[in-house]
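Note that the working numbering gives residue 77 to position 77 of the sequence shown, counting from 1, and the numbers run on in steps of one. Ideal Cβ positions, reconstructed from N, Cα and C, are used throughout, including at glycine. Reviewing the structure listed below.
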Amino acid sequence: MIVAGFDGCLEVGSKQARCYAWKWVLSKQDVDRNDIVFSGYNVLVERGDLQTLSTGHHISPPVVDAWSVILNHKELFRSVASPARFFAKTITCGEMEEEADAFKVVCDALEYGWSLINPCDVDMILFPVMQHRWCYCICVNLNGNRVDILDSSSAGVAKIDKYDKMPNVVRDMVVEYFKSKGLDGRVEKLTAQEPKRLQLEWRDSTAVFDYGVITMRHIETYTGQALKRWDCGLKKGDEKAVNALWTKYCAAVVESDVNEVKDKIRHLVKHFSR
1 MIVAGFDGCL EVGSKQARCY AWKWVLSKQD VDRNDIVFSG YNVLVERGDL
51 QTLSTGHHIS PPVVDAWSVI LNHKELFRSV ASPARFFAKT ITCGEMEEEA
101 DAFKVVCDAL EYGWSLINPC DVDMILFPVM QHRWCYCICV NLNGNRVDIL
151 DSSSAGVAKI DKYDKMPNVV RDMVVEYFKS KGLDGRVEKL TAQEPKRLQL
201 EWRDSTAVFD YGVITMRHIE TYTGQALKRW DCGLKKGDEK AVNALWTKYC
251 AAVVESDVNE VKDKIRHLVK HFSR
């Protein structure tokens, strides 16, 4: 992957500061893995979780959950011209087999502790999905009455085989959630909409371990725009550029204003960099 530019990406400190934070996270990987490096809005990230941002690891769900918290906080300062978005916690396919379970999972993903934005008041809800060592995003566009699948995989597999009924279940449970709040009208047309996998130009079947950070990039930059207008800076071919996202996102998590242990981590990183 080539990251052509970081426009729209969270800016966190200097490049040197980000590198120090990343090196501190990766240092002594077998030691202090249970130390909390992010705490906020009922989301806890351990050092071992954050280490999964690096190559050769399948991303740990708490990292993506922290990212959702950070992006929800960023939404408080969005331009009035931008669509209002809500970033849910990760949901896992194995938890959605029964309808009652599926509804609870979606409710928990929407009501995990972030209360400054009501998911019923937004234009779009983005759900990171964990599916058998893979991660992608389901975007429920409430204004556009559509469901988009954002997936960096280019494997030639039929949608029904790759995702089973997951996108449809998420759509249906969002409809039920809104109905439970007495907001039937907002989702009246959504039920009939078939989820669509977007044909992303940067999809790459060889990026086996990069899907997590790429999904984080997707949910950060997607606002429902047409594909030809969506420039998230990703292209096929250069893993070095994805490394830049690992470093940047690691620093964004530990340095976030919503991270209750930010000062402690900053002190540890400063001591490490001496």
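Alpha carbons only, please: which of the options is nearest the one belonging to residue i?
i	options	result
V187	T215, L200, D172	D172
N128	T52, Q199, Y20, V213	According to the sequence displayed, residue 128 carries Pro and not Asn. Here the closest residue by C-alpha is V213.
M124	L268, A17, T223	T223
Q31	D148, G40, G144, G48	First, the amino acid is wrong: residue 31 is Val here, not Gln. Cα-wise, what sits closest to V31 is G48.
A100	V170, Q225, P61, S60	V170
V69	S54, S79, G40	G40
R266	V37, R33, K15, L26	V37
N243	T52, P167, E201, P62	T52
L26	S54, D161, L183	S54
Between the beta-carbon of residue i and the beta-carbon of residue j, is there less than 9 Å?
i	j	result
W67	A241	no
C137	I149	yes
D204	H73	no
I59	Y211	yes
On the DSSP bridge list, what partners appear for residue i?
i	result
V169	Per DSSP, none; premise fails for V169.
G40	V43
R85	M124
Could you check if residue i is buried or exposed, using at least 16 other CB atoms within 10 Å of its CB as the buried criterion?
i	result
K89	buried
W185	According to the sequence displayed, residue 185 carries Gly and not Trp. Answer is exposed; the Cβ neighbour count stays below 16.
K181	exposed
E260	exposed
K228	exposed
F178	buried
L113	Residue identity check: residue 113 is Gly in the sequence provided, not Leu. G113 should be labelled exposed.
T92	exposed
A21	buried
N141	buried
V269	buried
My understanding is that residue i touches residue j, with C-beta atoms under 8 Å, so please give their C-beta distance in whole angstroms.
i	j	result
V105	E98	Actually they are not in contact, since the Cβ atoms of V105 and E98 sit about 10 Å apart, beyond 8 Å.
D121	A84	7 Å
Q199	R146	Not quite, the Cβ-Cβ distance comes to about 15 Å (not below 8 Å), so this is no contact.
K262	R18	No, K262 and R18 are not in contact; Cβ-Cβ is about 14 Å, not under 8 Å.
S153	T215	Not really, about 10 Å apart at Cβ, beyond 8 Å.
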